[in-house]
Structures are given as C-alpha cells and as structure tokens.
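Colleague: Going down the list, the sequences are from chains A and B. In terms of the numbering used here, the first sequence is residues 92 to 364. In terms of the numbering used here, the second sequence is residues 31 to 359. I have a structure I would like to understand better, so I am pasting it below and will then ask my questions one at a time.
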Amino acid sequence: MYKNNLEELKSIAKTIRLHIIKMIAAAGSGHPAGSLGMTEVFTALYFSGVVNLNPTEPDWVNRDRIILSNGHICPVRYAAMAEAGYFPVEELMTLRKLGSRLQGHPHRGSLPGLETTSGPLGCGLAQAAGIALSFSMDNKPMKVYCLTSDGEHDEGNTWEAVMFAAKNKLNNLIQIMDRNNIQIDGYTEDIMPLNPLAEKYKAFNWEVLEINGNKMEEVLEALKKAQNSIDRPVVIIAHTIPGKGVSYMANNFEWHGKAPNKEQTEQALKELA
Amino acid sequence: MLNTKLHLNEKLFDKDVEKKATRQGYGEGLVMVGEKNKNIVALCADLAESTRTNLFRAKFPERFVEMGVAEQNLATVSAGMALAGKVPFMSSFAVFSPGRNWEQIRTTICYNDVNVKIASTHAGISAGPDGATHQCLEDIALMRTLPNMKVIVPCDYEEAIKATMAVADTQGPVYLRMSRPNSLLVTSEKTSFKIGVADYFWRTDKEKVDVTIIACGLMVGHAILAAKLAEVSKIKVAVINSATIKPLDTKTILNAAKYSKVIITAEEHQIAGGLGGAVAEYLSEVCPIKIVRIGVKDSFGESGEYDELFKKYGLDAAGILKVIKKAVS
C-alpha cells in the first residue's frame, strides 16, 4: 500500500528537515523543535500512500483531510507539501514574509491544501471532529487526520472535542498527538501535568496507540492499524524528540519557538545532512 | 405614521396587540430552511428548548447535533462541519455564544471564512429574571468588529423568521441575535426583509424631521410607540429599523442624518460598540450631527421582568420619549 519504500521515506524526511532549518533561519523566527520532531509523521502522511491525497488537485472532494491543530509547527507541513508537489519548493523561503502564502501560522484562504486556519491552540481537534461527523452523516469514506500537540491538551476545547468525538463514535477520526513533553514555558509535566495520557484517552473511550514518532516503521504501522477502528476515534500518541536531528535543539524547550543564528544554522544543516 | 408600504402590523397600538418571541421566529424559520436545504444542520449547547432549536430537532433529528454545555466546541465543531459542506446554525444564549467562544469564532469561523450561522437567543436585558449573568449586552460589539462577519438583529417574531431564511441563503459567517420574551409584533407576514437594508417604519413628515431614531431588535417597537407619543408634543420623529448592523445601510442612515436635527440610536445593548457605535462611527466621518445613544450605560443588568427592566433602564417608550424631548430642547 506504500507509494515509497522505507528508505525513500527516510530520505524524504531528511530533505524536509533541511528545509525546516533553512526556512526558519531565513524567516528569522518560527518554531523549529516541534517541526523537526514531527517530520517522520508528516512524511508518512504525505508520502506513504496511507492518506488519500491529490497534490495537483488540492480541493479534490474525496481527499482525506489533514488538519493541523498546533499550527506553529507549519514549517514541517509546508516543507512536506512543497516536496509533495502542492507548490514550488522555492516558495518555502518566503515563510513569514510580507505577501507570502506561507503565513507564520497557517491560513486556509492563503494556500490550497491547508484545510484550516490554525495557531490558537485547542481548536483543531474539534474542527476535525466536525468534519468527521459530517462525513459519517453522509456515509462518506474519507478519513480525517488531526495533528495535535501535547501542550494544547491544557486547553479545555481539546477535551470538549475528545468527549464529542467519542460520543459520536467517530472511527474515521485519527488524532496524532506530538508527545514531545515541551511547551513554551518549560516541560509539560512542570507546566501542567498531562500524565497519564494514554489512560486518560482510554477513559474517554478512545482507541489508543503509543509509538516512537521518530521511527518511520512505527509511524506507518500505527497509521495502518488506526484505519480499523470499529466504534471509536483513535489517538496515536507519538513520542517524539523536539528538535530531532539537531544536537543542540533536541529535548530543549528553549527551541520551541526561536530561529537559529548563522553559526547555529550551519551546524544544524551539517548535522542533518 | 406607520409606513403603509411595508405592511406593518396595524394593531401595533392596540392594548391587546399580539406578542411573540424573536427566538420563536428563529426556531420556526430554521425548520423552514431545513426543509429546503438538506445541508443545514443545527448545533446546540444544551439549550435546545430555550433557543427553540428543539423544533428543528423534532423535525430533523438526524441533522441535530447536541454539543452539551461546551460553547467553544460548539463554534469549532460548527466550523469543521462547514468545511465539510454543511450549513451549521449554532445556538446558545448570546452571553455564552459569542460571549465565551469569541476567539474560536474569530479564528475558525471568520478567518477560516466558513459558512457558519451563529444564532443566539436571550440577548439583551430582556432575558429578564435570570439576571445580569445571562443578559448579554456586549455581543453586537464583539461580532461587528470581526472581518467577514455580518450582524443581524430582527425586530420581531415575523422578521426573525425572514432573517433566518435570508441568512440561510447568504454565504459566510453571520451573527443572528434574538431575544427571549414575547414582544410586540411590529411587522406582518407581508413585510419584506433584506440583509443590509434599513427601512423607515414610522415617518411624520416626508421632508425634515426633528429626530430620527435608528433602532434594532425589540427597541424598534418601543421607538415607534415613543414616536407616536411625541406627536402630542408636536415633535416630528422618524423611526428606522436597522436590523442589519453590519453591513450598515449607510445610504439610508446618511439620508436620515441630512433630514434630521438629531439622530437617536436605540438598542438593547451597551451604548458602546453596538448599533449606536456603528452609526456614530459612520456619521462622524461623513455627516457630523448630534447623536444620542439609548442603551445600557456601562452597567450590568439585574433580575426582573422584561417590562420592569425596560422601564428602569429607560428603554421603554416613556424612557425614549424623555430622551427625544431632551434632545430637541
């Protein structure tokens, strides 16, 4: 079922990581840690063939939907979309610049294929649930993939959506949560403890899968498994390393939302090459 | 006199004039549009009977979505459903929606520019005995500052039906504001309604008047009663129903300013940021004129019946008449 083999996917992930660093460095601001951490997941979504998409026709009505809730990691989505053929790769360097389609946080009207506007946290899962409910009302086969962060589980709206999705047995909704343990002010378990997360989701009547989100094999396996839920939504808790691939960024919450300087950029590109 | 062209309710000044709630008009209108358009869905946050979305629920249970007491989710799930091609009408009390979910409305409905209708009831001080916590007086301000949003406040039950139907046929975000109590039937089934069009409901003179009252919602009926009372004092008053606050019918309002000595605005809302604010912003730029704003003056409401509260806060015909007399003196 995969368009690309494992080695090809890993190579695409590497290219995307390089884009992320270059884009954020050129912009002078942005969010590298979460973007780098979710690179395997985005590569799998756009390149494995599990998700039904058509980059040459972004508004194709029968496409599966990819909803990015934690919009600040949009560099990884933009990079994956460009590599997938949604728009020219050169445009990536316009990130956050005046007149760019690549807004600092994604805007639905600006770039075809984005699905939703996001950035303000805790709103994506509910929109994904609304789409999934509409599909199930009309017996449409499309799936809805929603990317969330662990930090945005501080938001009440997230949990309202968690309850709503379970109530409506939205088995066409697959949430992939970036469990990277960091948020702006520090580590999630210091700021507002979320554990035990898997148990919480189970108690809310979700199907729970836990994986190493930086292992392509595990990401693919989980996405495949998530297709088969009978009567409930699925959450894939993807344990990732924020800043994955760049030694000085890895697991350091200070890189949640800042751009590397010239030397740091050079070092990052060297490490990722 | 009443504008005869508009087929307004001729029994408006009778003691036994019929009264019906604007929320009831919304509930009935929603069923009508639901019959016409299968993509219309209704979402409600545990207030189906109060918002009258229970009428839609009874008729189209498969298209009714119960959200529980979760107004932020009400807005965001509605946004998602609109993205999937539905036409969601989301309802709660105005104080909770758009009161509690403003940022969700801003980002996921307005900035997403999706076809969601925010239809809220129990707006204004007329919500009554529940008290100030449930009397939303700030919602027009909250909604009319948002890009892509339209804001409509029907003046009575009949207009609420027509506004609901017009809203269903309009692409994009709309805020529709309804009140709780039974209130004067000002219009009739035959009265026309168009989004963005303000109409003269009462006119003493075809040319110059002393005062033009620009009103919305329940205040339209009270303003007409006050205009009639002003006849005794030989004050010439015109009353405009500006049901659409955004986009404002600037043509009609500019015209009113040119032919009046004073403009009075009247709304069941804080005097800041609502219809009065919109009219003052516009006229101060194009035709500066004395404007007096009737509304709640930077305070919260309190428990009481609709008529008692309107009297106390100067929103009834007697209160409006007092403002008219002072304005022309």
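Where a beta carbon is used, it is the ideal one built from N, C-alpha and C, also for glycine.
(1) Quick one: does the C-beta of tryptophan 250 (chain A) sit closer than 7 Å to a heavy atom of the ligand FAD?
(2) Cβ of glutamate 251 (chain A) less than 8 Å from any chain B Cβ?
(3) How is methionine 120 (chain B) classed by DSSP in three states: helix, strand or coil?
(4) Take the Cβ of glutamate 98 (chain A) as the centre, count every other Cβ of all protein chains shown within 10 Å, and call the residue buried at 16 or more, exposed below.
(5) Listing by chain order, which chain B residues have their CB less than 7 Å from the CB of alanine 220 (chain A)?
(6) May I have the straight-line CA-CA distance separating aspartate 186 (chain B) from lysine 316 (chain A), to the nearest angstrom?
(7) Strictly below 8 Å CB to CB, what residues from chain A border lysine 147 (chain B)?
(8) Alpha carbon to alpha carbon, how far is asparagine 272 (chain A) from asparagine 342 (chain A)? Give it in angstroms, no decimals.
(9) Below 7 Å CB to CB, which residues in the same chain sit around alanine 190 (chain B) once its five sequence neighbours on both sides are set aside?
(10) Give a yes or no on whether 8 Å exceeds the smallest Cβ distance from serine 126 (chain A) to chain B.
(11) Of all the beta strand (DSSP E) runs that stay within the bounds of the stretch 253-329 of chain B, which reach a length of 3 or more residues?
(12) Could you work out which residue in B:Asn69, B:Ile155 and B:Leu113 is closest to arginine 210 (chain B) when comparing CA atoms only?
(13) Please check if any C-beta of chain B sits within less than 8 Å of the C-beta of methionine 92 (chain A).
(14) Taking Cβ-Cβ distances below 7 Å as the criterion, which residues of the stretch 125-148 of chain B are in contact with chain A?
(15) Per DSSP, which residues does leucine 285 (chain A) bridge with? Please list them.
(16) Looking at the secondary structure, which residues open and close the beta strand (DSSP E) in which aspartate 240 (chain B) lies?
(17) For the beta strand (DSSP E) containing glutamine 266 (chain A), name the first residue and the last one.
(18) Helix or strand or just coil, what does DSSP make of methionine 92 (chain A)?
(19) Please work out which residues of its chain come closer than 6 Å, Cβ to Cβ, to lysine 291 (chain B), disregarding the five sequence neighbours upstream and downstream, and give them in chain order.
(20) At the level of alpha carbons, what is the spacing between methionine 92 (chain A) and arginine 82 (chain B)?
(21) Would you list, in chain order, the members of the stretch 192-217 of chain A that have their beta-carbon closer than 9 Å to a beta-carbon of chain B?
(22) Mind checking the stretch 56-79 of chain B against chain A and listing, in chain order, the residues whose C-beta falls within less than 7 Å of any C-beta there?
(23) Please list, in chain order, all residues of the same chain as alanine 223 (chain A) whose beta carbon is under 6 Å from its beta carbon, the five residues on each side excluded.
(24) Taking 8 Å as the threshold (beta carbon to beta carbon), is glutamine 201 (chain B) in contact with chain A?
(25) Determine whether the Cβ of phenylalanine 138 (chain A) lies closer than 8 Å to any Cβ atom of chain B.
(26) Which ranges would you report for the beta strand (DSSP E) in the stretch 72-118 of chain B if only whole runs of at least 3 residues count?
(27) Does aspartate 44 (chain B) get closer than 8 Å to chain A when you measure Cβ to Cβ?
(28) Could you tell me the distance, in whole angstroms, from the CA atom of tyrosine 230 (chain B) to the CA atom of alanine 256 (chain B)?
(29) By alpha-carbon positions, which one of A:Glu312, A:Gly348 and A:Phe295 ends up nearest to valine 132 (chain A)?
(30) Answer yes or no: do glutamine 266 (chain A) and threonine 239 (chain A) have a C-beta to C-beta separation smaller than 8 Å?
(31) Does the beta carbon of alanine 198 (chain B) sit closer than 8 Å to a beta carbon anywhere in chain A?
(32) Closer than 7 Å by beta-carbon distance: list the chain A residues that pair up with leucine 176 (chain B), in chain order.
(33) Taking CB distances under 8 Å as the criterion, tell me whether leucine 159 (chain A) reaches chain B.
(34) At what residues does the alpha helix (DSSP H) containing isoleucine 170 (chain B) begin and finish?
(35) Report yes or no: do three or more beta-carbon pairs, one from the stretch 41-49 of chain B and one from the stretch 211-222 of chain B, lie closer than 8 Å?
Modeller: According to the structure shown:
(1) Annotation note on the ligand FAD: not contained in the displayed structure, which lists no ligands.
(2) yes
(3) strand
(4) exposed
(5) Val107 and Gly110
(6) 55 Å
(7) Within 8 Å Cβ-Cβ: nothing; lysine 147 (chain B) doesn't reach chain A, min ~14 Å.
(8) 8 Å
(9) Thr52, Gly55, Tyr56, Gly59, Pro184 and Met208
(10) no
(11) 267-271, 274-276, 290-300 and 320-326
(12) B:Ile155
(13) Because the pLDDT at methionine 92 (chain A) is just 43, under 50, the model does not fix this residue reliably, and the value given afterwards should be weighed accordingly. Judged by the 8 Å Cβ criterion, methionine 92 (chain A) is not in contact with chain B.
(14) Glu133, Gln134, Thr137, Thr138, Tyr141, Asn142 and Asp143
(15) Paired residue(s): none; leucine 285 (chain A) is not in a bridge.
(16) 239-245
(17) 264-270
(18) The predicted model places methionine 92 (chain A) with a pLDDT of 43, which falls under 50 and marks its position as unreliable, so this point remains unresolved.
(19) Asp240
(20) Since pLDDT at methionine 92 (chain A) reaches only 43, below the 50 mark, its modelled position is unreliable, and no value is offered.
(21) His198, Arg199, Gly200, Glu206, Thr207, Thr208, Ser209, Gly210, Pro211, Gly213, Cys214, Gly215, Leu216 and Ala217
(22) none
(23) Val235, Leu261, Asn263 and Leu264
(24) no
(25) no
(26) 94-96
(27) no
(28) 15 Å
(29) A:Glu312
(30) yes
(31) no
(32) The contacting residues do not exist; leucine 176 (chain B) stays about 13 Å from chain A at best.
(33) no
(34) 169-174
(35) yes
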